[in-house]
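Quick mapping for you: the protein sequence lines, in order, are chains A and B.
Heads up, the first sequence is in my numbering, so the first residue is 19 and it goes up one at a time.
Heads up, the second sequence is in my numbering, so the first residue is 897 and it goes up one at a time.
To start, the structure itself, in structure tokens.
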Amino acid sequence: MPFTLVLIAVAAAIFAFGRWLDNSYAFVVGYIVVQYMVLGTAWNILGGYTGYVNFGVTAFFAIGAYSTVALHKLVPTLPLPVMIVVSGVLAGLVGLRTGYLTLRLRGVFFSIATLALAVVVQTLITNWDFVGGARGAYVLRPRMAPLIGGEYMQYLFLLMLGLGVIVLATARAIERSALGYGFAAIRDDEAAAEASGVPTLKLKLIATTLSGGFMGMAGAPLPFQVTYLDPASGFSLNYAVNAIAMPLIGGTGSWLGPVVGAVLVGGLQEYLRVTISSAVNVLVAGVLMVAFVIAAPQGIVGLFQRKR
Amino acid sequence: MAVSLDLLMNAVISGLLLGGFYAAVSIGVAIAFGMLDIVNIAHPAFILLGSYIAFIGNTVFGIDPILAAVIMLPAFYLLGMAAYQVYYVAFERRDDQSLRGLSFFFGVLFISEVALVLIFGVDYRTVQAPYIGPSLDLGLFALPLRLLVPFLVSMVMAVGLQLFLSRTFVGRAVQAVAQDQQALRLMAANPTRIKRIAFGLSIATASLAGACLIIYQPVEPSIGREYIGRVFAICVLGGLGSLPGMVIAAMTLGIAESLTSTFFGPSWAPAVAFGILLVTLAVRPSGILGR
Chain A
19 MPFTLVLIAV AAAIFAFGRW LDNSYAFVVG YIVVQYMVLG TAWNILGGYT
69 GYVNFGVTAF FAIGAYSTVA LHKLVPTLPL PVMIVVSGVL AGLVGLRTGY
119 LTLRLRGVFF SIATLALAVV VQTLITNWDF VGGARGAYVL RPRMAPLIGG
169 EYMQYLFLLM LGLGVIVLAT ARAIERSALG YGFAAIRDDE AAAEASGVPT
219 LKLKLIATTL SGGFMGMAGA PLPFQVTYLD PASGFSLNYA VNAIAMPLIG
269 GTGSWLGPVV GAVLVGGLQE YLRVTISSAV NVLVAGVLMV AFVIAAPQGI
319 VGLFQRKR
Chain B
897 MAVSLDLLMN AVISGLLLGG FYAAVSIGVA IAFGMLDIVN IAHPAFILLG
947 SYIAFIGNTV FGIDPILAAV IMLPAFYLLG MAAYQVYYVA FERRDDQSLR
997 GLSFFFGVLF ISEVALVLIF GVDYRTVQAP YIGPSLDLGL FALPLRLLVP
1047 FLVSMVMAVG LQLFLSRTFV GRAVQAVAQD QQALRLMAAN PTRIKRIAFG
1097 LSIATASLAG ACLIIYQPVE PSIGREYIGR VFAICVLGGL GSLPGMVIAA
1147 MTLGIAESLT STFFGPSWAP AVAFGILLVT LAVRPSGILG R
């Protein structure tokens, strides 16, 4: 409980700092970094804690984004937090179903299946005319933010911060609970865990559902941020690479890893995007990921832990 | 009735030819993943590299794309051996979880795609060859040569590799590595050296597959992603470790995709491969002819 309060305090401080800066681009950068932090932490629940690599990040993320588009068209007055929750539930259900189909097999097959899932979901949405299909969908951003006033971008940032608090608190709670120990047992040696009585399938399904659900929630505000969403950008591989690279670079063993990874890599990417070019910033995540995977498998957090 | 039968037959025939082409693309992964247990999801990146080299050979030097690919075979073989060496030193020797290896290849796939975008741009690239336009008209149906040539190249590769694996000493050693590495070590053979040769072969096939790809369709850096799922769907459906199984699975997928394209629309075609993959994993993970 105290940890959650500390997180809320930090989030409030960051938001107040942003308001004081009064620079709308700062809110965009902040939104992107926190979004990647949520994505990375969500991925890490399944990838770092349980050891199952999910390449289908784009599927869950886009389910969240397109749920918002669909809901917005059906019920234009629905408040965004409700849409976030619905997106999370939908994405979580998809995670559960995918997990049920594939988690009885080796980890490698699960990873390949998640790749397959991403393409299936993209094809389905591209063929779904209601959300615009390949033409894309426009979502008009309201001019004023509800509740807090000011630009709408600030409201999006506040929501994302809130989501970040929830996800981090959940991740840390998992780490210190029986659930987390179960995950770690699966990651280290699944056969031994199963033999010791750990209900591996059930735990893996929980991990997949939580992970997918949070990724969907991270994607829900996206249409309001970009205002035009089409399958090519919604399913962009950048989201997948970043969601995987940031925990790997920051460290997959703890909740702090994805945070460190998101701040460092996300910040670096935005800096490169405005100084050099848009294509190079995308290369950074890939190169750093490969370098860290080869040289420092425990990530940045791991480097510091070893020094002690 | 006659019209739709004609359409059906054409769809099946082009599906078969397409399947042959898919077999060329999947041979490398059938070796790497099926026999060496290396999840090389970056294989489409090597194929794209082959495509772009064939493109350069065709536009700058004016040589036939397949000839360009054959010329580059030794280079790709060496590249494969180097890639395996990196993979071995960084991952296999440490006996690490496959998480790191997978992420490594994923990173390689991504980096190569972005690098190709930076070097060649996102325009579609094609090659010029005498067999790209015309079709072989066989009365009832037509065989587009641009499908037939990759099909033939693919069959030659598949048969050649199968003969290599079953008749030559090194080939049988590769099969032995797939079955039992420890036993191979006890027989005074070095599994690492064998794996290096096999992975080199796997990447060498990517060179020819790349030429086939750019003959079949215009190429741009991001189409590699469509092929990851197809390739793994084919290998899993065919059964890991079986080259004939892979060819059968490739034909099956080709026909399924062709029928879907013809009767439901081409935008549904990518989902077919992945649907098949998910169903196979859920129902019969060992595939058609798997061990």
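Ideal Cβ positions, reconstructed from N, Cα and C, are used throughout, including at glycine.
- Counting C-beta pairs with one atom in each stretch, the stretch 224–238 of chain A and the stretch 302–322 of chain A have fewer than three that are closer than 8 Å, which means they do not touch.
- Within the same chain, and ignoring the five residues on either side of T76(A) in sequence, the residues whose Cβ sits closer than 6 Å to its Cβ are A136, F253, Y257 and A258.
- Contact between the stretch 224–244 of chain A and the stretch 964–983 of chain B is absent, with fewer than three C-beta pairs closer than 8 Å.
- For Q323(A), the closest C-alpha among the options G271(A), G69(A) and F73(A) is that of G271(A).
- Any Cβ of chain A closer than 8 Å to the Cβ of L1109(B) would place that residue at the interface, and such an atom is absent.
- Looking at the DSSP output, P1040(B) bridges to S1031(B).
- Relative to the Cα of G997(B), the nearest Cα in the group L1012(B), Y980(B) and S1008(B) belongs to Y980(B).
- For L247(A), the pairing in a beta bridge is given by DSSP as A155(A).
- With distances taken between CA atoms, A919(B) lies nearest to I1130(B) out of L1014(B), I934(B), I1130(B) and G1183(B).
- With a threshold of 8 Å between beta carbons, P315(A) makes contact with chain B.
- Between N954(B) and A1107(B), the alpha-carbon positions lie close to 10 Å from each other.
- Closest in C-alpha terms to A1105(B), from the list A964(B), A986(B) and Y1020(B), comes A964(B).
- Annotated three-state conformation of M171(A) is helix, per DSSP.
- Taking the CA atoms as reference points, A134(A) sits about 29 Å from Y49(A).
- Judged by pairs of C-beta atoms under 8 Å, the stretch 912–928 of chain B touches the stretch 1081–1098 of chain B, as three or more such pairs exist.
- For T132(A), the enclosing alpha helix (DSSP H) has its first and last residue at G125 to T144.
- Those residues of the stretch 117–132 of chain A placed with their C-beta closer than 8 Å to a C-beta in chain B are L119, T120, L123, G125, V126, F127, S129, I130 and A131, ordered along the chain.
- Taking a Cβ-Cβ threshold of 7 Å, the residues of chain B close to L301(A) are I1007 and V1010, in chain order.
- In this chain, P1117(B) is not harboured by any alpha helix (DSSP H), its DSSP state being neither H nor E.
- Annotation: Cβ neighbours of A986(B) in chain A (cutoff 7 Å, chain order): I312.
- In this structure, the beta-carbon distance from A163(A) to Y173(A) falls below 8 Å.
- If you draw a straight line from the Cα of I1124(B) to the Cα of I318(A), it is about 30 Å long.
- Residue-level contact check: I267(A) does not touch chain B, since none of the beta carbons of chain B fall below 8 Å from its beta carbon.
- Note on geometry: alpha-carbon atoms of G1067(B) and L1057(B) lie some 8 Å from one another.
- I318(A) does not reach chain B, its nearest Cβ partner there being about 16 Å away, counting only Cβ pairs nearer than 9 Å.
- Any Cβ of chain A closer than 8 Å to the Cβ of I1124(B) would place that residue at the interface, and such an atom is present.
- Taking the Cα positions, Y84(A) is about 21 Å away from G180(A).
- Shown here, M162(A) sits in a strand according to DSSP, grouped into three states.
- For L1082(B), none of the residues of chain A pass the 9 Å Cβ criterion, the least Cβ distance being about 25 Å.
- Counting every other CB atom within 10 Å of its CB across the protein chains shown gives T141(A) a total of 16 or more, marking it as buried.
- Taking the C-beta atoms as reference points, L247(A) is found no nearer than 8 Å to P239(A).
- Interface flag for R1092(B) against chain A is unset, since no Cβ pair is found closer than 8 Å.
- Residue pairing of R1021(B) in beta bridges, as defined by DSSP: V1115(B).
- Listed by position along chain B, the residues whose Cβ is nearer than 7 Å to that of F73(A) are F1002.
- Going by DSSP, Y67(A) is part of no alpha helix (DSSP H) at all; its letter is neither H nor E.
- Of all C-beta pairs linking the stretch 1112–1120 of chain B to the stretch 1002–1013 of chain B, three or more are shorter than 8 Å, placing the two stretches in contact.
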